[in-house]
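Below is one structure, written out as structure tokens; comments come after it.
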Amino acid sequence: MLIVQKFGGTSVGNLDRIANVAKRVSESKKAGNDVVVVVSAMSGETNKLVGYAEHFSSNPSKAEMDMLLSSGERVTASLLSIALNEMGHSSVAMTGRKAGIITDTSHTKARIKKINPELMNSEIKDGKIIVVAGFQGVNSQGDITTLGRGGSDLSAVAIAGAIGADLCEIYTDVSGIYTTDPRIEPKAKKLNNISYDEMLELASLGAKVLQNRSVEMAKKLNVNLVTRTSFSYEEGTLITKEENIMEAPLVSGIALDKNQARISLMGVKDKPGIASDIFNKLAKAEVNIDVIIQNTAHDGTTNIDFTVPVSDLSEAKLVVDLFVENGDIKDDSYNEKICKVSVVGVGMKSHAGVAARAFSTMAEENININMISTSEIKVSMVIDEKYAELAVRSLHNAYELDK
Ligand code: ADP
Ligand code: ASP
Ligand code: MG
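For the sequence shown, position 141 (counting from the first letter as 1) is numbered 895 according to my numbering, and the numbering increases by one without interruption.
Encoded structure:
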């Protein structure tokens, strides 16, 4: 088999763990597989580098940030390759550029435009174990780019698609995808399999176990994705097409996103095109909008509330300021002390009452729901951040996910 194995930050968190990864990779190779490895930076390393930059600037250039942040992955890729060579394997470390990962120019959240796999393919043919530095690519100008936080997952899936791998294994510090974050609810159960769509919702709604863009890519390229742990040989979770799953449960999981902020726009001029104008300018600034609420107009003005990732807040403020200056918005306020809890499941499509149960669970715990958004397979609620864990546990219990 041709396998891509991706090892996350905790799996390569220190030298002993890198040695453990080398052992696991070696075992796969000796079992007769061709292996391409993708690694993250050591855990905490990327945040440390962000901190270094913030020491000098509150708004550092994004191109410089990419050059800085991509260095963490190069450290682990080279160390792992050195370890594998020492074990008698023939291994070569590659940067994103050498692996042929071409992206657009959107620094710090670049999109992969294409992958030129020729060099990887010829090294595989020669029996080499390739170790690719995850999270990075190169744009048409030759600048280093990064793929958004958690982006090594995306590197792995995209490479698996480009070289036609039979399997893409994502090794992390938990043994698979659980019904909710096992760190919040120890009673969470590991799922044997989950559909791409449900995983995409969970990941987009805060379950950071997989980067959402990597799941999107896996679905698009039909990559067989397995999440498992590098700390044991326990079987993981298969992420696959919905039709491969015999009977979808009503609810598969609960996700929590604490990195959300609420923006409230008061006294917005109630005229045609205003919402389009505001949200187009936000989109241009690459601000990701989620739940939106617009109140009925009153005295020629209305209120619009929406949520954005905390990391997009400063960009969003700049856009909103323009509308406040020209008088189209009277006042604005920001609240970072919110979170979003979501119930996800494809079974919802054919069952009524799933959302109602979520709302009554919040009511029983006396948790006020600030905003609601739903789709065919999810119900999201924006609530006060201090109730985050309580909400997750109560919902997990209400849908009997521990059974
Ligand atoms: P890595 O460094 O390997 O990329 P991450 O920290 O990005 O690992 O993701 C793994 C973490 O995701 C777990 O430690 C767990 O706390 C968290 N997590 C959140 N939701 C879930 C879930 N539904 N199932 C499993 N893990 C989850
Ligand atoms: N090191 C990067 C991050 O922390 C990418 C990754 O780990 O996937 O976001
Ligand atoms: Mg991760």
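Note that CB positions come from ideal geometry on N, CA and C, so glycine has one too. In this text the structure is predicted, and so the values were computed from the model without any measurement.
Check your understanding: Within 10 angstroms of its Cβ, does T983 collect 16 or more other Cβ (buried), or is it exposed?
Key -> Buried, by the Cβ-count rule.
Practice item. Starting from F1033, follow the alpha helix (DSSP H) in both directions and report where the run begins and ends. Key: Start and end: I1028 to K1038.
**Study point:** Every unbroken alpha helix (DSSP H) within the stretch 883–944, with a cutoff of 4 residues, ordered by chain
**Key:** Taking only runs of at least 4 residues, the alpha helix (DSSP H) segments lying wholly in the stretch 883–944 are 906–917.
**Study point:** P936 beta carbon near the ligand ADP (any heavy atom closer than 7 Å)
**Key:** At a threshold of 7 Å, P936 counts as near the ligand ADP, since its beta carbon sits closer than that to one of the ligand's heavy atoms.
**Study point:** M755 burial status per 10 Å Cβ neighbour count (16 or more: buried)
**Key:** Burial call: exposed.
Check your understanding: Who pairs with L756 in a beta bridge, going by DSSP?
Key -> L756 is bridged to D788.
Review point. Closest to G888 by CA distance: which of S876, I898, T849 and N1089 is it?
Key: The candidate whose alpha carbon is nearest that of G888 is T849.
Practice item. For K962, verify whether its CB is less than 7 Å away from any heavy atom of the ligand MG. Key: With a threshold of 7 Å, the Cβ atom of K962 counts as near the ligand MG, since some heavy atom of the ligand is closer than that.
Point to revise | Cβ-based burial, G798 [other Cβ within 10 Å; buried from 16] | key: So G798 counts as exposed.
Practice item. Would you kindly check if the distance between the Cβ of A785 and the Cβ of L834 is under 8 Å? Key: No, the pair does not count as a contact, with Cβ atoms beyond the cut-off.
Exercise for review: For the alpha helix (DSSP H) containing A972, list its first residue and its last residue.
Suggested key: For A972, the enclosing alpha helix (DSSP H) begins and ends at N966 to L975.
Point to revise | Spatial neighbours of R967 in its chain, beta-carbon cut-off 7 Å, leaving aside the 5 residues before and after | key: Taking R967 as the centre and dropping the five residues before and after it, the same chain places the C-beta of G902 and L908 closer than 7 Å to its C-beta, in chain order.
Practice item. Kindly examine the ligand MG and report whether one of its heavy atoms sits closer than 7 Å to the Cβ of G904. Key: For G904, the Cβ falls inside the 7 Å cut-off from some heavy atom of the ligand MG.
**Study point:** Span separating the alpha-carbon of Y932 from that of G763
**Key:** Looking at the backbone, the Cα of Y932 and that of G763 are separated by about 19 Å.
Review point. Taking 7 Å as the line, does the beta carbon of Y932 fall inside it for any heavy atom of the ligand ADP?
Key: With a cutoff of 7 Å, Y932 counts as near the ligand ADP, since its C-beta is closer than that to a heavy atom of the ligand.
Point to revise | Run of the alpha helix (DSSP H) containing M1102, from where it starts to where it stops | key: Where M1102 is concerned, there is no enclosing alpha helix (DSSP H), given that its DSSP letter is neither H nor E.
Check your understanding: Straight-line CA distance for V779 to P1063?
Key -> If I take the Cα positions, the gap works out to 36 Å.
Practice item. Compare the Cα-Cα distances from A910 to each of I948, V886 and Q895 and report the closest residue. Key: Measuring from the Cα of A910, the nearest candidate turns out to be V886.
Review point. Straight-line CA distance for I924 to G990?
Key: It is roughly 9 Å from the alpha-carbon of I924 to the alpha-carbon of G990.
Practice item. Take the Cβ of A1070 as the centre, count every other Cβ of all protein chains shown within 10 Å, and call the residue buried at 16 or more, exposed below. Key: With 16 or more other Cβ atoms within 10 Å, it is buried.
Review point. Can you name the start and end residues of the beta strand (DSSP E) that M848 belongs to?
Key: Annotation: the continuous beta strand (DSSP E) that includes M848 extends over S845 to M848.
Practice item. Just the C-alpha distance for L823 and D1059, rounded to the nearest angstrom, thanks. Key: Those two C-alpha atoms are separated by around 33 Å.
Check your understanding: Using a threshold of 7 Å, is the CB atom of D927 nearer than that to any non-hydrogen atom of the ligand MG?
Key -> For the ligand MG, not one heavy atom lies less than 7 Å from the Cβ of D927.
**Study point:** Closer than 7 Å: L1149 CB and nearest the ligand ADP heavy atom
**Key:** No; taking the cut-off as 7 Å, the Cβ of L1149 has no heavy atom of the ligand ADP nearer than that.
Review point. Mind checking whether L954 and G930 have CB atoms under 8 Å apart?
Key: Taking C-beta atoms as the reference points, L954 and G930 fail to come closer than 8 Å.
Review point. Which same chain residues, not among the five before or five after K882, have their C-beta less than 7 Å away from its C-beta?
Key: Exclusion of the five residues before and after K882 leaves S844, S845 and V846 as the residues of its chain whose Cβ lies within less than 7 Å of its Cβ.
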